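Enquirer: As given, the protein sequences belong to chains A and B, one line each in that order.
Note that this note's numbering numbers the first sequence so that position 139 is 1243, with each residue one more than the last.
Note that this note's numbering numbers the second sequence so that position 6 is 1110, with each residue one more than the last.
All residues carry an ideal CB built from backbone N, CA and C; glycine is no exception.
Every value quoted in this text rests on a predicted model; they were computed, and no experiment measured them.
Quick one: this structure, given as structure tokens, is what I'll be asking you about.
There are 2 protein chains.
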Amino acid sequence: MQSPAPGSARRPARASTIKDVAAHAGVSITTVSHALNNKGTVSERTKQKVLESAAALGYRANAIARGLRTNRTGVISLVMRPLDWLGEYQPVGVDYFMRLVGAAAVSALDEGFTLLLVRDPTREGNQSITLAVDGCIIADPEAGDPVIDVMRERGIPIVSIGRDVARDDFTDWIGDPGTEQANQILGLMRDTGARRFLTVIGTQTNAWNKDSLLACLAWAEANPDCELAIERLSESEGFEGGVRFGQALAAQATEGRPLPDAIYALTGRHAAGIVDGLVRAGVDVPGRVQVASGNDSEQCRASVPTVTAVNLRPEVLGREAVLLLLNRIEGGSEPAKLVAPIFLERESTRRAEHGQP
Amino acid sequence: MQSPAPGSARRPARASTIKDVAAHAGVSITTVSHALNNKGTVSERTKQKVLESAAALGYRANAIARGLRTNRTGVISLVMRPLDWLGEYQPVGVDYFMRLVGAAAVSALDEGFTLLLVRDPTREGNQSITLAVDGCIIADPEAGDPVIDVMRERGIPIVSIGRDVARDDFTDWIGDPGTEQANQILGLMRDTGARRFLTVIGTQTNAWNKDSLLACLAWAEANPDCELAIERLSESEGFEGGVRFGQALAAQATEGRPLPDAIYALTGRHAAGIVDGLVRAGVDVPGRVQVASGNDSEQCRASVPTVTAVNLRPEVLGREAVLLLLNRIEGGSEPAKLVAPIFLERESTRRAEHGQP
DNA sequence: TGGACCTCCCAAAACGATTTGGGTGCGTCC
DNA sequence: GGACGCACCCAAATCGTTTTGGGAGGTCCA
């Protein structure tokens, strides 16, 4: 196995084709195809001959040619909408995304598929293979997401992680409505004395933001002794945006506008940033203000104090999305699963007096 | 835009082809191809007509057919050898892998490629597109890794992250020899009083394990007042394996076999586990034993005490690997970059008396 | 008038597989 | 001996592009 000179141009080494195998075995390409794929009728003797020739030549069917003919590539794509907004990869605090990708990739591999990471496939000039996949997973679609339209037009099965809030007919999504989660978090903080609440929500139109907002409003409706304010903070502001937000709150407090008793920030980076901003401004967390996050992230775990959060279980979401998609590709109609998040109580909220064991 | 009934089989909706566009515009398919790709000579009038027809029909060239003809797919693959060993996705403590994938994906997307995550492409029966990519990145290849042979045979450019220790002629890799890193860590612990050292290395034959081992041995050679023991611990043992290892060390100490003064565990999960095992067994870290990790991970950051570690900068590795690969695909010979790791001093090692500012 | 040279367009040949729709030869049965 | 069935094999069509190698028609110049 000679290697080309370092940096030399791509070796023109033509991989052997089905024609080469046919010639080597002294049969037609039809017979080779049949022998290798166990189709048609091929005598045992001929089949062995073909297998030997294929092995001798190191033949591996060209997946592109096969894909052209069969319209199957063995590839599923994953569109991470969060990436499309963030614009750039953020090295810290986006581990939800990372875990999701990892879980989806491994699940796909386990099922004999490969996972293709793509950016918005609706963009013109996208020369790549994004529209030639067997199926597509879209994570956190925005309202009326055009990716769903494009895939449907092409007849490519698509499932989402988190529903499309503008598309009630689209039911092939997994995730959780987020209602229970909001009730649990707000309820905990109420039980430990909070009455003035602030919910900090991102600016994207995805299901998570919308459904969480609705859940918070409904909760406030059901708890008239509590007061709830809503603020928007763009996802792309990240941790630093949270810090500024927290400091601004503290500054306003010195000017007479009272601090809320409890803050529920949906994004982990925001929550951790807010805690940091408040603490730096001398506000006691959780003594004066309690803070909780709607999505666990590394910053929540590493924060001082650590931030109470919800684990949305990206590993499970990734795996279940792949399995649902494969079912759809096979024409199945297995129902989509809900994935209930896990509540993680940490230091940034107060412990309930008579809590669980 | 009607949607199919939920769960209905894939809609047979045939996407429009170049033939449809040609018919619609009243020209030949050659002309369509030329007009859309700015090749050949097409009058401005005809070109406009073609563009209009293409837009009207929502035409997007079939990437598979194009790939068959041009032998270019716009896809690069990433083989994570660690995944092949671990066998299963580990939700915690493999954030090095996750960050690498994320960085590589985003870098590829920025350059107009998509990233395909694949498992060992040398395996028989791998029906997928893994051998039809434009290039391949292999992370942490093992000694004489067969993936490199397969890709070379097919003339597919390949670059690695970390060298192949059994292949000196293969220079298209990025990373770091790990020598400086070992010297720095062992030196720090020596400077703070340690004399009896223990290095804990994984069992894989990749460059990181091998080069780190050599670096440690060389360091011991150069520091004759120090004593160095080597132990192997399989990567797949993870955090729990580290815990057991640490507890075993502590148990042996009560039986008269003295504890080392300093432990250098290459794998972050091992290091954090060892700290946990030692602390649980009542050993003071860093008072009695110092511990450092060769690869930062979330467990290192979240451990109590936090674990001194080295940030191998997976974000940079992922991006540089993609850029190097694209250069090779274009036939370039730009030299590969070294990516120097960053030393992160934390609580599990003692502070040097007269350290840096 | 004839040829050289544009400009603009197209038919057909790839690319490498799968699949359709027969062939061919042989044995069996009436 | 002829019809039929079976086992085995193959030529050619097909998938949707790109690219090659002209061809038709017009202009310009000798």
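Measuring CB atoms only, is the stretch 1265-1279 of chain A touching the stretch 1287-1294 of chain A, in the sense that at least three cross pairs come out at less than 8 Å?
Expert: no
Enquirer: If we define contact as Cβ-Cβ less than 8 Å, is Ser1233 of chain B a contact residue for chain A?
Expert: Just to set this straight, residue 1233 of chain B is Ile in the shown sequence, not Ser. Ile1233 of chain B counts as touching chain A.
Enquirer: Roughly how many angstroms lie between the CA atoms of Asp1329 of chain B and Ala1396 of chain B, to the nearest whole one?
Expert: 20 Å
Enquirer: Within 10 angstroms of its Cβ, does Ser1401 of chain A collect 16 or more other Cβ (buried), or is it exposed?
Expert: buried
Enquirer: Which of helix, strand or coil does DSSP assign to Thr1226 of chain B?
Expert: coil
Enquirer: Taking the alpha-carbon positions, what's the Glu1331 of chain A to Ala1440 of chain B distance?
Expert: Spanning the two alpha carbons is a distance of roughly 59 Å.
Enquirer: Thinking C-alpha only, which one of B:Val1379, B:Pro1186, B:Lys1314 is nearest Val1393 of chain B?
Expert: Closest option to Val1393 of chain B, Cα to Cα, is B:Val1379.
Enquirer: Beta carbon of Glu1419 of chain A, beta carbon of Ala1207 of chain A: below 8 Å?
Expert: yes
Enquirer: Taking all protein chains shown into account, do 16 or more other C-beta atoms lie within 10 angstroms of the C-beta of Gln1152 of chain A, making it buried, or fewer, making it exposed?
Expert: exposed
Enquirer: Quick check: what's the CA-CA separation for Pro1261 of chain A versus Gln1308 of chain A?
Expert: 25 Å
Enquirer: Can you say whether Asn1310 of chain A is buried or exposed, counting buried as having 16 or more other CB atoms within 10 angstroms of its CB?
Expert: Buried is the call here.
Enquirer: Identify, in the order they occur along the chain, each residue of the same chain with its Cβ nearer than 6 Å to the Cβ of Gly1171 of chain B, setting aside the five sequence neighbours on each side.
Expert: Thr1177
Enquirer: What are the start and end residues of each continuous alpha helix (DSSP H) run of 4 or more residues lying completely inside the stretch 1267-1346 of chain B, in chain order?
Expert: 1283-1295, 1311-1326
Enquirer: Please list the terminal residues of the continuous beta strand (DSSP E) segment that includes Gly1239 of chain B.
Expert: 1239-1243
Enquirer: What separation, rounded to the nearest whole angstrom, lies between the Cα atoms of Ala1352 of chain B and Gln1285 of chain B?
Expert: 27 Å
Enquirer: Does chain A have any CB closer than 8 Å to the CB of Thr1121 of chain B?
Expert: no
Enquirer: In the DSSP output, what is Asn1415 of chain B paired with across the bridge?
Expert: Residue pairing by DSSP places Asn1415 of chain B opposite B:Ile1446 in a beta bridge.
Enquirer: Cα-Cα, which of B:Asn1415, B:Asp1244, B:Cys1240 is closest to Gly1259 of chain B?
Expert: Ranking the options by Cα distance to Gly1259 of chain B, first place goes to B:Cys1240.
Enquirer: Is the beta carbon of Val1426 of chain B closer than 8 Å to that of Val1205 of chain A?
Expert: At the C-beta level, Val1205 of chain A and Val1426 of chain B stay beyond 8 Å of one another.
Enquirer: Mind checking if Arg1164 of chain A is an interface residue toward chain B, Cβ cutoff 8 Å exclusive?
Expert: yes
Enquirer: Compare the C-beta of Ala1236 of chain A with all C-beta atoms of chain B and state if any pair is closer than 8 Å.
Expert: True, the Cβ-Cβ gap to chain B drops below 8 Å.
Enquirer: Need the endpoints of the alpha helix (DSSP H) that Ala1247 of chain B sits in, please.
Expert: Where Ala1247 of chain B is concerned, there is no enclosing alpha helix (DSSP H), given that its DSSP letter is neither H nor E.
Enquirer: Within a Cβ cutoff of 6 Å, which residues of the same chain sit near Leu1221 of chain B, ignoring the five residues on either side of it in sequence?
Expert: Leu1182
Enquirer: From what residue to what residue does the beta strand (DSSP E) around Ser1181 of chain B run?
Expert: Unbroken beta strand (DSSP E) run through Ser1181 of chain B: 1179-1184.
Enquirer: From Ile1242 of chain A to Leu1302 of chain B, what does the alpha carbon distance come to, in whole angstroms?
Expert: 47 Å
Enquirer: What did DSSP end up calling Lys1441 of chain B once you bin it into helix, strand or coil?
Expert: coil
Enquirer: Would you kindly check if the distance between the Cβ of Gly1398 of chain A and the Cβ of Ala1376 of chain A is under 8 Å?
Expert: no
Enquirer: Is DSSP giving Ala1385 of chain B helix, strand or coil here?
Expert: Under the three-state reduction of DSSP output, Ala1385 of chain B falls in the coil class, being neither helix nor strand.
Enquirer: Hey, how far is the Cα of Ala1324 of chain B from the Cα of Thr1410 of chain A?
Expert: 40 Å
Enquirer: With DSSP collapsed to three states, give me the class of Ser1132 of chain B.
Expert: coil
Enquirer: When we look at the beta-carbon of Pro1108 of chain B and count the other beta-carbons within 10 Å, is it buried (16 or more) or exposed?
Expert: Low local confidence applies: a pLDDT of 36 at Pro1108 of chain B is under 50, so the model's placement there is unreliable, with the coordinate-based value given in what follows. Exposed, because fewer than 16 other Cβ atoms sit within 10 Å of the Cβ of Pro1108 of chain B.
Enquirer: Taking the beta strand (DSSP E) that Tyr1368 of chain B belongs to, which residues open and close that run?
Expert: 1366-1369
Enquirer: Helix, strand or coil for Ala1375 of chain B per DSSP?
Expert: helix
Enquirer: Which residues share a DSSP beta bridge with Val1395 of chain B?
Expert: B:Ile1367
Enquirer: Are the C-beta of Phe1201 of chain A and some C-beta of chain B separated by less than 8 Å?
Expert: Among the CB atoms of chain B, one or more fall inside 8 Å of the CB of Phe1201 of chain A.
Enquirer: Per DSSP, which residues does Leu1221 of chain A bridge with? Please list them.
Expert: A:Leu1182, B:Leu1219
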